[in-house]
Amino acid sequence: MKPAAGRVLVVEDARLNRAILVRALEAQGYEAVEAENGVRALEVLSGADGGRIDVVLLDLEMPELDGYETLRRIRGDDALRHVPVIVISAVDELASVVRCIEMGAADYLPKPFNAAVLRARVSTSLQAKRARDLELEYLEQVARVTDAAVAVESDAFDPASLDPVAARPDALGQLARTFQAMAVEVRAREERLRAQVRELTIEIDEARQAQRVAEITDTDYFRGLRSRAAELRRIVDAPGTAEG
Numbered sequence: 006m007k008p009a010a011g012r013v014l015v016v017e018d019a020r021l022n023r024a025i026l027v028r029a030l031e032a033q034g035y036e037a038v039e040a041e042n043g044v045r046a047l048e049v050l051s052g053a054d055g056g057r058i059d060v061v062l063l064d065l066e067m068p069e070l071d072g073y074e075t076l077r078r079i080r081g082d083d084a085l086r087h088v089p090v091i092v093i094s095a096v097d098e099l100a101s102v103v104r105c106i107e108m109g110a111a112d113y114l115p116k117p118f119n120a121a122v123l124r125a126r127v128s129t130s131l132q133a134k135r136a137r138d139l140e141l142e143y144l145e146q147v148a149r150v151t152d153a154a155v156a157v158e159s160d161a162f163d164p165a166s167l168d169p170v171a172a173r174p175d176a177l178g179q180l181a182r183t184f185q186a187m188a189v190e191v192r193a194r195e196e197r198l199r200a201q202v203r204e205l206t207i208e209i210d211e212a213r214q215a216q217r218v219a220e221i222t223d224t225d226y227f228r229g230l231r232s233r234a235a236e237l238r239r240i241v242d243a244p245g246t247a248e249g
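By this note's numbering, the letter at position 211 of the sequence shown is numbered 216, and the numbering carries on one by one without gaps.
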C-alpha cells in the first residue's frame, strides 16, 4: 500500500464542508484527520498523534473556539508553532485572511473549495514543513557532534552516540564518521600511554628499591656485618669444632 503524501487536520464545523475536504484530500493521496471545532483540533494536535500532523486546514467561523483563537494558541505553543496552518475563508473575508496571515497562518483556502487550489495550497505548505523539519533535524544532529566534542574533553564520549549522525550521506555524516574514528584512536592512544606509564612506574619503583639496597649494602656497617657473618660460618664449618 502506497504511504500517504502527508497528514492533514481538517478543522471545520460544517459536516458537509468537512466531508468534501476530506474526500478531496484523500483523492489527492493525503491522510485526513477531522476536527469539528478548535477545541477538538487542539486536542488532536496535543495528543499522541499530534506530531504526525503535517498541515492544518482551519475554518475561521466555529462554535466553542473560533479559528482566530485556535490559530493564536497553535502559534503560542512551542511544540506546535512549526505546523503550517491554512485558514479557510470566503472571498468576502479578505480582511480576516490578512489578519490570520499576520498572526502566522501559512496560507488561505477560499470558499467554495477548488480541488486544484486545495492541492496547491496543501502541497506548498507541506514542502515548507518538510524543509523546516529537515532543518531542525540537521541542527539537532550538529548539536550531537558539539556535545560529543565536549564529552571527549571530559573522557565521557560514547562513539555510538554519533551513529544517527554518521548514517547521513552528506558532509555532516562524513564529519561524524571522521570524529568517531579520531575519538576512538585518541582513546586507544591514551590507553597505550597509560599502560606505558604504569610499566615505567613499576620500573622506576624497582630501580629505586635496587638503589636503596645498594646504598645499604655499600656502607661500612653492612660490610662489617658481612665480614662477621663470614667469620662465624668459618668457625662453624671448621673441622673438629666441639659440639657442646
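Just so it is clear, CB atoms sit at the ideal spot from N, CA and C, and this is done for glycine as well.
- request: Ignore the nearest five residues each way along the sequence and tell me which others in G249's own chain have a CB closer than 7 Å to its CB.
  value: Numbered from 1 along the sequence shown, position 244 holds the residue referred to as residue 249. With a pLDDT of only 46 at G249, under 50, the local geometry of the prediction cannot be trusted, and the value read off the model is given with reservation. Nothing meets the Cβ criterion.
- request: Take D168 as the anchor and find which of Q185, D152 and A156 has the nearest alpha-carbon.
  value: In the sequence shown, residue 168 corresponds to position 163, counting from 1. Nearest C-alpha to D168: Q185.
message: Threshold first: 4 residues or longer. Then list the alpha helix (DSSP H) segments lying entirely within the stretch 169-247, N to C.
response: Counting whole runs of 4 or more residues, the stretch 169-247 contains the alpha helix (DSSP H) stretches 176-222 and 225-242.
message: DSSP three-state label for A37, please.
response: By 1-based counting over the sequence shown, the position of residue 37 is 32. If DSSP states are grouped into helix, strand and coil, A37 belongs with the strands.
query: Cβ-heavy atom distance between L198 and the ligand PLP below 7 Å?
result: Inclusion of the ligand PLP in the displayed structure is not the case, the ligand content being empty and no account of it being possible.
- request: Look up S128 in the DSSP assignment and say whether it is helix, strand or coil.
  value: For the purposes of this step, residue 128 is taken as residue 123 along the sequence shown, with counting starting at 1. In the structure shown, S128 sits in a helix (DSSP, three-state: H, G or I).
- request: Out of V241, L198, R239 and R57, state which residue places its alpha-carbon closest to the alpha-carbon of A84.
  value: Within the sequence shown, numbered from 1, the residue matching residue 84 stands at position 79. It is R57 whose Cα lies nearest to the Cα of A84.
task: Would you list the one or two residues that DSSP bridges to L14?
output: Here residue 14 refers to the residue found at position 9 when the sequence shown is read from its first residue. By DSSP's assignment, L14 forms a beta bridge with V38 and V61.
message: Out of A121, I240, P89 and E142, which one is the CA nearest neighbour of G109?
response: In the sequence shown, counting from the first residue as 1, residue 109 sits at position 104. Minimum Cα-Cα distance from G109 among the listed residues A121, I240, P89 and E142 corresponds to P89.
message: I'd like the span of the alpha helix (DSSP H) that includes A32, first residue to last.
response: Taking the first residue of the sequence shown as 1, we reach residue 32 at position 27. For A32, the enclosing alpha helix (DSSP H) covers residues R20 to A32.
message: Less than 8 Å between the beta carbons of L14 and A40, yes or no?
response: By one-based count along the sequence shown, residue 14 stands at place 9. By one-based count along the sequence shown, residue 40 stands at place 35. Between L14 and A40, the CB-CB gap stays under 8 Å.
task: Mind reading off the beta-carbon distance from D64 to D18? Whole number of angstroms is fine, and I expect it under 8 Å.
output: Position 59 of the sequence shown holds residue 64. Position 13 of the sequence shown holds residue 18. Their Cβ separation, rounded to whole angstroms, is 6 Å, which keeps D64 and D18 in contact under 8 Å.
query: Under a Cβ-count criterion, where at least 16 other Cβ atoms within 10 Å of its own Cβ denotes burial, should G229 be classed as buried or exposed?
result: Numbered from its first residue, the sequence shown carries residue 229 at position 224. Its Cβ having fewer than 16 others within 10 Å, G229 is exposed.
query: From V157, R124 and A212, pick the residue whose C-alpha is nearest to that of R192; which is it?
result: Along the sequence shown, read from residue 1 onward, the residue named residue 192 stands at position 187. Nearest of V157, R124 and A212 to R192, Cα basis: V157.
- request: Please name the residue or residues paired with P3 in a DSSP beta bridge.
  value: An answer regarding residue 3 cannot be provided, because it is not within the stretch 6 to 249 covered by the chain.
message: Taking a contact to mean a Cβ-Cβ separation below 8 Å, would you say A111 touches A133 in this structure?
response: Here residue 111 is taken as the residue at index 106 of the sequence shown, counted from 1. Here residue 133 is taken as the residue at index 128 of the sequence shown, counted from 1. One thing to note: A111 has its Cβ within 8 Å of the Cβ of A133.
- prompt: What is the rounded straight-line gap between the Cα of R135 and the Cα of L144?
  reply: Along the sequence shown, read from residue 1 onward, the residue named residue 135 stands at position 130. Along the sequence shown, read from residue 1 onward, the residue named residue 144 stands at position 139. Their Cα atoms are separated by approximately 14 Å.
- prompt: Got a sec, what are the start and stop residues for the alpha helix (DSSP H) G43 sits in?
  reply: Here the question's residue 43 lines up with position 38 in the sequence shown. Taken as a continuous stretch (DSSP letters only), the alpha helix (DSSP H) holding G43 covers G43 to S51.
- request: Could you pull out every residue in the same chain whose Cβ sits closer than 6 Å to the Cβ of R126, ignoring the five residues on either side in sequence?
  value: Here residue 126 corresponds to residue number 121 of the sequence shown, with the count starting at 1. Apart from sequence neighbours up to five positions away, the residues of its chain that approach R126 with a beta-carbon distance below 6 Å are I91, D112 and L114, ordered along the chain.
field: Beta-carbon proximity check, V27 vs A46, cutoff 8 Å
entry: Working through the sequence shown from its first residue, we reach residue 27 at position 22. Working through the sequence shown from its first residue, we reach residue 46 at position 41. Taking 8 Å as the cut-off, the beta carbon of V27 is found no closer than this to the beta carbon of A46.
- prompt: With a CB to CB cut of under 6 Å and the five nearest residues on each side skipped, what residues in its chain are close to Y73?
  reply: Counted from its first residue, the sequence shown places residue 73 at position 68. Cβ within range, chain order: n/a, list empty.
query: What residue from S51, D223, L62 and A176 has the CA that sits closest to K116's CA?
result: Along the sequence shown, one-based indexing puts residue 116 at 111. Checking every option, the nearest Cα to that of K116 belongs to L62.
field: Burial state of I79 (16 or more Cβ within 10 Å)
entry: Numbered from 1 along the sequence shown, position 74 holds the residue referred to as residue 79. Buried, by the Cβ-count rule.
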